[in-house]
């Protein structure tokens with residue numbers, strides 16, 4: 001069946017740069033469904049401004065995926081497409097109601113988790129300049145999102161139903177860099193259920209196939225120019241560790 005589905009989904013090509021967390025949810029969903037997706041090398045700033053690429057997405061943003069029927073843009077739409085390629089995996093839920101719940105958490109992820117996470121980690125990667133007020137507000141917003149997730153996970157193993165769905169895949173992908181770069185043990189102490197859920201998910205082979213061995217943050221990384229005092233507002237105090245060459249985020 002896996003080979004059949006992979007053959008049925010042939011012709012899928014995902015365009016983004018290495019480490020794009022928004023592309024990760026697409027690729028992890030593909031791992032669960034046994035779907036083959038080509039991921040050619042892609043350079044933002046060059047490949048995304050060609051006439052050919054702009055015909056796929058006029059804004060020139062990534063990720064974008066080619067399918068046998070045409071191109072798709074917006075990472076959540078692409079992830080839903082891949083999740084629906086194999087119904088028996090239940091990535092979109094086992095009922096219409098569960099499908100709605102999955103959509104709700106995927107949308108929650110897009111607005112409440114991906115946005116503040118990007119604002120926190122992008123300056124660390126050097127994609128955007130560090131600005132204290134933006135960082136502080138991002139930490140406030142991410143903390144609120146984590147609190148909402150913690151409350152839900154207090155009584156649930158996963159976000160929808162009793163197995164992993166696209167909701168979990170999207171949220172793990174969005175939290176991958178925060179959990180491994182800035183949310184140290186002191187910060188995670190306020191969210192034990194989120195931490196349990198995250199470590200459970202990343203321990204699955206389908207996640208590991210794309211994320212590798214995941215190690216939770218030990219010493220909080222700070223952006224160039226960010227002081228410990230500025231960073232202490234939203235997270236917890238940590239070392240002034242700087243990011244190396246690790247890539248991530250949704251660079252545009």
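Numbering (the UniProt record's numbering), first residue to last: 1 to 252. The C-beta atom is built at its ideal place from N, Cα and C for all residues, glycine as well.
C-beta atoms of residue i and residue j nearer than 8 Å
i: residue 41; j: residue 126; result: no
i: residue 58; j: residue 23; result: no
i: residue 90; j: residue 200; result: no
i: residue 106; j: residue 170; result: yes
i: residue 210; j: residue 14; result: no
i: residue 79; j: residue 116; result: no
i: residue 121; j: residue 182; result: yes
Cα-Cα separation, residue i to residue j
i: residue 168; j: residue 53; result: 30 Å
i: residue 103; j: residue 17; result: 26 Å
i: residue 174; j: residue 192; result: 18 Å
i: residue 99; j: residue 73; result: 21 Å
i: residue 112; j: residue 94; result: 25 Å
i: residue 68; j: residue 12; result: 7 Å
i: residue 140; j: residue 46; result: 35 Å
i: residue 49; j: residue 56; result: 11 Å
i: residue 222; j: residue 137; result: 16 Å
i: residue 204; j: residue 124; result: 28 Å
i: residue 70; j: residue 118; result: 29 Å
Helix, strand or coil at residue i [DSSP, three-state]
i: residue 67; result: strand
i: residue 239; result: Interpretation of residue 239 is limited by its pLDDT of 40, a score under 50 that renders its predicted location unreliable; no figure is taken from the coordinates.
i: residue 170; result: helix
i: residue 73; result: strand
i: residue 152; result: helix
i: residue 31; result: helix
i: residue 80; result: helix
i: residue 216; result: coil
i: residue 18; result: coil
i: residue 184; result: coil
Strand pairing of residue i, partner residues [DSSP]
i: residue 13; result: 38, 66
Among the options, the one whose alpha carbon lies nearest that of residue i
i: residue 177; options: 163, 203, 215, 155; result: 215
i: residue 86; options: 122, 123, 155, 34; result: 34
i: residue 97; options: 160, 109, 70; result: 160
i: residue 75; options: 21, 120, 118, 51; result: 21
i: residue 151; options: 180, 205, 195; result: 195
i: residue 133; options: 27, 226, 37; result: 226
i: residue 148; options: 109, 208, 179; result: 109
i: residue 220; options: 209, 185, 210; result: 185
i: residue 92; options: 43, 32, 44; result: 32
i: residue 142; options: 163, 130, 212, 190; result: 190
Closer than 8 Å to chain B by CB, residue i
i: residue 15; result: Although the question refers to chain B, the structure presented lacks it and comprises just one protein chain.
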